[in-house]
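Below you'll find the structure, written out as structure tokens, and then a few comments.
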Amino acid sequence: MMNVKTKALIFNLLCFGFLFLIIKTIIGTFLQLSYIPLIAFSGLLASVFSPKFLVEKGKLYVKIPLFKDPREL
Numbered sequence: 000m001m002n003v004k005t006k007a008l009i010f011n012l013l014c015f016g017f018l019f020l021i022i023k024t025i026i027g028t029f030l031q032l033s034y035i036p037l038i039a040f041s042g043l044l045a046s047v048f049s050p051k052f053l054v055e056k057g058k059l060y061v062k063i064p065l066f067k068d069p070r071e072l
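Pasting the structure below:
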């Protein structure tokens, strides 16, 4: 069984990576940007809009952007 902190880290990385690829693809198809600004802007948007997985008192919580309170998983 995996540690709860390890699960939170893996979920954070997967959500960020998934959103990064989707945002990069969408921006890349509609705007003609060079590679570095495209990657930087995609990383910024993905870090803002990706859900954050938190561990508090041994329980896993998810903080969804644009919602105030974290929810327990």
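0 is the number of the first residue of the sequence shown in numbering that gives the first Met the number 0; add one for each residue after it.
All C-beta atoms in this analysis are idealised placements derived from N, C-alpha and C, irrespective of residue type, glycine included.
Three or more beta-carbon pairs separated by less than 8 Å link the stretch 1 to 11 to the stretch 55 to 71, which places the two stretches in contact. Per DSSP, the beta-bridge partners of K51 are K62. G16: member of the alpha helix (DSSP H) spanning V3 to F29, first to last residue. With respect to the 8 Å criterion, C14 and P36 are not classified as neighbours on the basis of their beta carbons. Note on geometry: alpha-carbon atoms of E55 and R70 lie some 11 Å from one another.
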